[in-house]
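Trainee: Structure incoming, see below.
Set out below in structure tokens:
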């Protein structure tokens with residue numbers, strides 16, 4: 001009985017730890033957007049051609065946050 | 080899994096993930112492969128909406144476009160320019176495939192934002208088919224176009240010789256992870272957004288915080304309208320990037 005309770009506790013702790021990954025992904029997304037803006041303000045004429053690269057960078061950074069969220073969801077509902 | 084959380088004494092009236100359950104359209108019973116479900120309905124509606132926009136939009140072909148015609152022209156021009164910018168001119172012959180992917184995901188996302196609707200792109204099964212379809216198509220195109228020299232994609236000839244085997248291993252792994260991340264990114268983003276909206280909808284039942292949570296739902300809905308477009312755009316542009324790798328593996 002205590003083992004079951006410990007497993008349920010671990011599930012919630014693990015899901016909470018996985019949520020840290022979302023915050024880390026937020027830092028990454030902020031880096032991408034901030035550095036793009038810093039570069040774009042130095043050379044605004046070159047910025048228009050780089051929006052595709054910006055979105056690819058954002059997508060890659062954001063995907064890892066989504067993976068962390070997925071781990072949290074799996075722990076909460078599937079395990 | 081929803082019932083299990085309910086029995087654990089969840090305070091929500093409904094479960095935030097209930098909206099993703101696949102149900103048969105008519106009656107109850109197990110879902111077979113031929114059963115018409117809510118997924119079938121909303122996929123069919125997405126396809127009908129796309130066909131309607133393009134049939135009605137291109138019927139007049141006026142010099143001064145009508146509203147529907149300008150929507151169709153903007154969508155066409157947007158994808159055409161994206162493919163030309165990313166893959167170069169020889170990628171344009173794959174325009175129909177990429178345009179179909181973009182429109183299906185865009186309309187799946189936007190129809191899913193209607194109240195009471197079902198978001199087909201929130202299911203990993205749907206996006207995995209799209210993602211693995213792109214993966215196999217791109218790999219086959221790469222081998223047909225370049226033959227065995229397509230494998231040069233994994234062998235960085237401008238890296239130092241000692242590092243090349245290590246980079247090759249990393250490149251192979253990242254190549255095979257592509258379809259997984261490609262599909263999880265879309266499904267995860269859409270599913271997360273809708274689940275967050277439902278979580279705030281659950282908080283709206285508590286009187287003290289219900290104005291805050293209604294305002295939060297409005298704000299998140301606005302964000303989701305943006306995300307729905309950006310995720311369709313990202314899926315499409317990553318398809319273009321993978322296609323560029325297949326057409327020009329050298330650089």
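Protein chains in written order, with my numbering: chain A, 1 to 79; chain B, 80 to 330. No residue lacks a Cβ here, since even glycine has one placed at the ideal position from N, Cα and C.
Please classify residue 116/B: does DSSP put it in a helix, a strand, or coil?
Mentor: Strand.
Trainee: So, with DSSP's three-state summary, where would you put residue 103/B?
Mentor: Residue 103/B falls in the strand class under three-state DSSP.
Trainee: Consider the Cβ of residue 147/B: report whether some Cβ of chain A lies at a distance smaller than 8 Å.
Mentor: False, the Cβ-Cβ gap to chain A never drops below 8 Å.
Trainee: Once you ignore the five residues that flank residue 115/B on each side, which residues in its own chain have a CB closer than 6 Å to its CB?
Mentor: Contacts found: 104.
Trainee: When you compare only the Cα positions, how much space is there between residue 83/B and residue 189/B?
Mentor: Because residue 83/B sits at a pLDDT of 43, beneath the cut-off of 50, its placement in the model cannot be relied upon, and the point is left open.
Trainee: Determine, for residue 317/B, whether the minimum Cβ-Cβ distance to residues of chain A falls below 8 Å.
Mentor: Closer than 8 Å to some Cβ of chain A, the Cβ of residue 317/B qualifies, so yes.
Trainee: Thinking C-alpha only, which one of 143/B, 277/B, 177/B, 326/B is nearest residue 38/B?
Mentor: Past the boundaries of the shown model lies residue 38/B; chain B is included only from 80 to 330, so the question cannot be answered.
Trainee: Taking the alpha helix (DSSP H) that residue 206/B falls in, what are its first and last residues?
Mentor: First-last of the alpha helix (DSSP H) with residue 206/B: 203–225.
Trainee: Taking the CB atoms as reference points, tell me whether residue 329/B and residue 231/B lie closer together than 8 Å.
Mentor: Taking 8 Å as the Cβ cut-off, residue 329/B and residue 231/B qualify as a contacting pair.
Trainee: Roughly how many angstroms separate the alpha carbons of residue 225/B and residue 324/B, rounded to a whole number?
Mentor: Going from the Cα of residue 225/B to the Cα of residue 324/B covers about 11 Å.
Trainee: Rounded to whole angstroms, what is the Cα-Cα separation between residue 60/A and residue 247/B?
Mentor: Using only the alpha carbons, I get a separation of about 20 Å.
Trainee: Less than 7 Å between C-beta atoms, sequence neighbours within five positions excluded: which residues of the same chain meet that for residue 144/B?
Mentor: Only 152 meet the Cβ criterion.
Trainee: By Cβ distance below 6 Å, which residues in the same chain neighbour residue 207/B in space, the five residues on each side in sequence not counted?
Mentor: Contacts found: 262.
Trainee: Just by C-beta distance, which residues in the stretch 261–287 of chain B are closer than 7 Å to chain A?
Mentor: Those residues of the stretch 261–287 of chain B that come within reach of chain A (Cβ to Cβ, closer than 7 Å) are 263, 264, 267, 268, 271.
Trainee: What does the alpha-carbon distance come out to for the pair residue 161/B and residue 319/B?
Mentor: Cα-Cα distance, rounded: 8 Å.
Trainee: Is residue 96/B close to chain A, meaning its C-beta is less than 8 Å from at least one C-beta of that chain?
Mentor: Yes, its Cβ sits closer than 8 Å to a Cβ of chain A.
Trainee: With a threshold of 8 Å between beta carbons, is residue 312/B in contact with chain A?
Mentor: True, the Cβ-Cβ gap to chain A drops below 8 Å.
Trainee: For chain B, is any of its Cβ atoms less than 8 Å away from the one on residue 69/A?
Mentor: So, interface residue.
Trainee: Any idea what DSSP makes of residue 148/B, helix, strand or coil?
Mentor: Reduced to three states, the DSSP call for residue 148/B is helix.
Trainee: Compute the beta-carbon to beta-carbon distance between residue 283/B and residue 293/B, rounded to the nearest angstrom, for a pair I have assumed lies under 8 Å.
Mentor: Correct: roughly 6 Å between the Cβ atoms.
Trainee: For the alpha helix (DSSP H) that residue 235/B lies in, which residues bound it at each end?
Mentor: Where residue 235/B is concerned, there is no enclosing alpha helix (DSSP H), given that its DSSP letter is neither H nor E.
Trainee: Considering only residues of the same chain and omitting the five flanking positions on each side of residue 58/A, which have a CB-CB separation below 8 Å?
Mentor: Answer for residue 58/A: 29, 32, 33, listed in chain order.
Trainee: Taking Cβ positions, are residue 68/A and residue 21/A nearer each other than 8 Å?
Mentor: Yes.
Trainee: Let me make sure I understand the geometry here. Which of 214/B, 176/B, 146/B has the alpha-carbon closest to that of residue 158/B?
Mentor: Ranking the options by Cα distance to residue 158/B, first place goes to 176/B.
Trainee: Please decide whether residue 27/A counts as near chain B, where near means a Cβ-Cβ distance under 8 Å.
Mentor: So, not an interface residue.
Trainee: Using CA atoms only, rank isn't needed, just tell me which of 179/B, 199/B, 194/B, 234/B is closest to residue 212/B.
Mentor: The residue with the shortest Cα to Cα distance from residue 212/B is 179/B.
Trainee: If you draw a straight line from the alpha carbon of residue 80/B to that of residue 96/B, how long is it in whole angstroms?
Mentor: Reliability fails at residue 80/B, whose pLDDT of 42 lies under 50, so the model's placement of it is uncertain and the value that follows must be treated cautiously. Near 9 Å, if we compare the C-alpha coordinates of residue 96/B and residue 80/B.
Trainee: Quick one: is residue 312/B buried, meaning 16 or more other Cβ sit within 10 Å of its Cβ, or exposed?
Mentor: Label assigned to residue 312/B: buried.
Trainee: Listed in chain order, which residues of the stretch 145–172 of chain B have Cβ atoms closer than 9 Å to some Cβ of chain A?
Mentor: Result list: 161, 164, 165.
Trainee: Thinking residue 203/B and residue 266/B are a contact (beta carbons under 8 Å), I'd like their distance in whole angstroms, please.
Mentor: Residue 203/B to residue 266/B, Cβ: 5 Å. Contact.
Trainee: List, in chain order, every chain A residue whose beta-carbon is nearer than 7 Å to that of residue 320/B.
Mentor: Near residue 320/B (Cβ distances below 7 Å), the residues of chain A are 56.
Trainee: How is residue 109/B classed by DSSP in three states: helix, strand or coil?
Mentor: Residue 109/B: coil per DSSP, three-state reduction.
Trainee: Among 253/B, 274/B, 305/B, 219/B, which one has its Cα closest to the Cα of residue 73/A?
Mentor: Residue 274/B is the option with its Cα nearest to residue 73/A.
Trainee: What number of angstroms, rounded off, separates the C-alpha of residue 1/A from the C-alpha of residue 56/A?
Mentor: If you take the alpha carbons of residue 1/A and residue 56/A, they lie about 49 Å apart.
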